[in-house]
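Each step along the sequence shown adds one to the number in my numbering, with nothing skipped, and position 203 is 297.
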Amino acid sequence: TTTTIPFNSCNSLRWNQTGQIVAGTTSGSSASQLNNPSCLYIDNNNTLYICDHDNNRVQKWIQGATTGTTVAGDSAGTQGSTSTLLKTPIDLTFDTNGFMYVVDNGNNRVQRFALGSTTGTTVAGTTASTNALTDLKQPTAIDIDNNSNLYILDMGNTRLVEWAQNATSGTLLISSSTLNNDYDILLAPNSSNQIYISDQGAHALYLWTFGVSTPSMTLQTVNDSHNTLNNQMGMVLDPYGNLYVADRDNDRVVVYCANSTVGIVVAEDNNSVPSLKKPVALAFDSDLNLYLLSTNNGQVVKLPRI
Numbered sequence: 095t096t097t098t099i100p101f102n103s104c105n106s107l108r109w110n111q112t113g114q115i116v117a118g119t120t121s122g123s124s125a126s127q128l129n130n131p132s133c134l135y136i137d138n139n140n141t142l143y144i145c146d147h148d149n150n151r152v153q154k155w156i157q158g159a160t161t162g163t164t165v166a167g168d169s170a171g172t173q174g175s176t177s178t179l180l181k182t183p184i185d186l187t188f189d190t191n192g193f194m195y196v197v198d199n200g201n202n203r204v205q206r207f208a209l210g211s212t213t214g215t216t217v218a219g220t221t222a223s224t225n226a227l228t229d230l231k232q233p234t235a236i237d238i239d240n241n242s243n244l245y246i247l248d249m250g251n252t253r254l255v256e257w258a259q260n261a262t263s264g265t266l267l268i269s270s271s272t273l274n275n276d277y278d279i280l281l282a283p284n285s286s287n288q289i290y291i292s293d294q295g296a297h298a299l300y301l302w303t304f305g306v307s308t309p310s311m312t313l314q315t316v317n318d319s320h321n322t323l324n325n326q327m328g329m330v331l332d333p334y335g336n337l338y339v340a341d342r343d344n345d346r347v348v349v350y351c352a353n354s355t356v357g358i359v360v361a362e363d364n365n366s367v368p369s370l371k372k373p374v375a376l377a378f379d380s381d382l383n384l385y386l387l388s389t390n391n392g393q394v395v396k397l398p399r400i
């Protein structure tokens, strides 16, 4: 079966609901496995990068491969705070020069990796866990702008901070007690001062303007029998400005069309094989095929665009 988004709301994008497993087998620590993965990124070559959270590593997965290659952290899963080790990496992004930035959650820092190097450089945080703007405390998400400024969700300090290139401290953009159980961020398209925040604890997405104490828009309603989000996690934007979210505990993907505050279900688990249960992260490839990262079985599932 397929789910169709009305043309007048989301450009008539639709995906086959029968997925294909493209990474992962069962939960584990071998090169073919993932353990509680937390983030998914697809580059311009359609190569997958996965935060293998509980294995303390980042896995690179080429299309068609049956195993991943460790590009950050220890391939055997050893955790640590040296330049070659990670502790529960939770999110990542790339800049236009090919540098990879990894949110090293357990070490309260962001590590930058040059292409082909497994030695990281700390570009935000100090491994200390304080509320000073030189530090981060349990950071959970990252995004980057065209000038390579980093936007970091510093969840343990209930704030969003910006770190410019070569900065030794962050700049406070948003501070709110609301930001105490948030999972993901995305810079809003066509804006220089707004960001989407996925607030898992409140079961809501926020559009937030920098420097403002409350969000300017809340997205929570879904046009479905399960009419609200439930512990939603990762987000992704398509080229048209439509916002997709992994609605984890409803076992589905929801899209909020540009300029709409009511979500539409575009994929959901119906005891299908492969399973779409517990999606935590989403990504598109260059053909707008949709990829879901599932913690239910440590797999990445591809839903082909039709």
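For each residue, glycine too, the CB sits at the ideal point set by N, CA and C.
C-alpha distance - A361 paired with I400, whole-angstrom precision:
13 Å
CA-to-CA distance, A296 to N274, given in whole angstroms:
10 Å
What beta strand (DSSP E) runs, 3 residues minimum, are completely inside the segment 159–195?
163–167, 183–188
Determine the direct distance from the alpha carbon of N317 to that of V306, and round the result to whole angstroms.
29 Å
Going by DSSP in three states, C104 sits in which element: helix, strand or coil?
helix
Could you round the C-beta distance between G118 and L134 to whole angstroms and report it? I think they count as a contact, below 8 Å.
In fact, because the Cβ distance is near 11 Å, the residues do not count as touching under 8 Å.
Considering only the alpha carbon of each residue, which of Q259, V356, N344 lies closest to D363?
N344
Is T265 buried or exposed, if buried means 16 or more other CB atoms sit within 10 Å of its CB?
exposed
Buried or exposed: where does L209 fall if 16 or more other Cβ atoms within 10 Å of its Cβ makes it buried?
exposed
Alpha carbons only, please: which of L107, N241, W302, R151 is nearest the one belonging to T182?
R151
Roughly how far, in whole angstroms, is the beta-carbon of A340 from the beta-carbon of S132, given that I think they are within contact range, below 8 Å?
Contact doesn't hold; Cβ gap of about 11 Å is too wide.
Helix, strand or coil for M311? Go by DSSP, reduced to three states.
strand
T176 to V196, Cα distance in whole Å?
14 Å
Looking at the secondary structure, which residues open and close the beta strand (DSSP E) in which Y385 lies?
384–388
Excluding sequence positions up to five away, which residues of its chain have a Cβ less than 7 Å from the Cβ of A377?
L134, Y135, I136, V330, Y385
Can you tell me which residues form a DSSP beta bridge with P373?
S388
Could you spell out the range, first to last residue, of the beta strand (DSSP E) harbouring S132?
It is not in any beta strand (DSSP E) - S132 carries neither H nor E in the DSSP assignment.
What first and last residue would you give for the beta strand (DSSP E) that runs through M329?
329–331
Contact under 8 Å by Cβ, G200 with D278:
no
Leaving aside the five residues before and after Y245 along the sequence, list all residues of the same chain whose C-beta is less than 6 Å from its C-beta, in chain order.
D237, E256
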